[in-house]
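Q: A single structure is presented below for examination.
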Amino acid sequence: MGLTMGERLATVENEVKNVKGEVQEVKQIIKEGFEQMNKKLDTATTKLDDASIEFITKEAFDHTISELKKRTWVQNVLSAIFGSILTILIGLAAAKIIGG
Numbered sequence: 349m350g351l352t353m354g355e356r357l358a359t360v361e362n363e364v365k366n367v368k369g370e371v372q373e374v375k376q377i378i379k380e381g382f383e384q385m386n387k388k389l390d391t392a393t394t395k396l397d398d399a400s401i402e403f404i405t406k407e408a409f410d411h412t413i414s415e416l417k418k419r420t421w422v423q424n425v426l427s428a429i430f431g432s433i434l435t436i437l438i439g440l441a442a443a444k445i446i447g448g
């Protein structure tokens with residue numbers, strides 16, 4: 349024996365209500381998930397901003413390296429000059445002490 353038209357409509361109505369409730373639950377879960385993701389993204393963005401990461405171009409990097417090489421060359425030349433002067437002074441002092 350089949351269901352009457354009224355019973356069929358009542359069954360469909362109950363199923364629609366059930367589906368509507370399930371859709372509301374899914375919407376709530378999705379909403380909570382997006383809220384949590386936004387909080388995590390905000391936290392990550394704040395941490396990234398706090399880190400103050402700087403990005404430089406290859407040209408800027410090469411320029412910095414060449415400046416450091418120039419400084420190193422100048423420092424080496426000055427070190428050699430002062431080392432030579434110091435050696436001469438120590439040699440003269442040793443000559444006066446030994447010879448003198």
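So the number in my numbering is just where the residue sits in the sequence shown, counting from 1, plus 348.
Every residue gets a Cβ at the ideal spot worked out from N, C-alpha and C, and that includes glycine.
Values in this document were obtained by computation on a predicted structure and should not be read as measured data.
Tell me where the alpha helix (DSSP H) around residue 420 begins and ends.
A: Start and end: 406 to 447.
Q: In the structure shown, what three-state DSSP assignment does residue 359 receive?
A: Of the three classes helix, strand and coil, the one that applies to residue 359 here is helix, per DSSP.
Q: Mind listing, in chain order, the continuous alpha helix (DSSP H) runs of no fewer than 4 residues lying wholly within the stretch 362 to 387?
A: Taking only runs of at least 4 residues, no alpha helix (DSSP H) segment lies wholly in the stretch 362 to 387.
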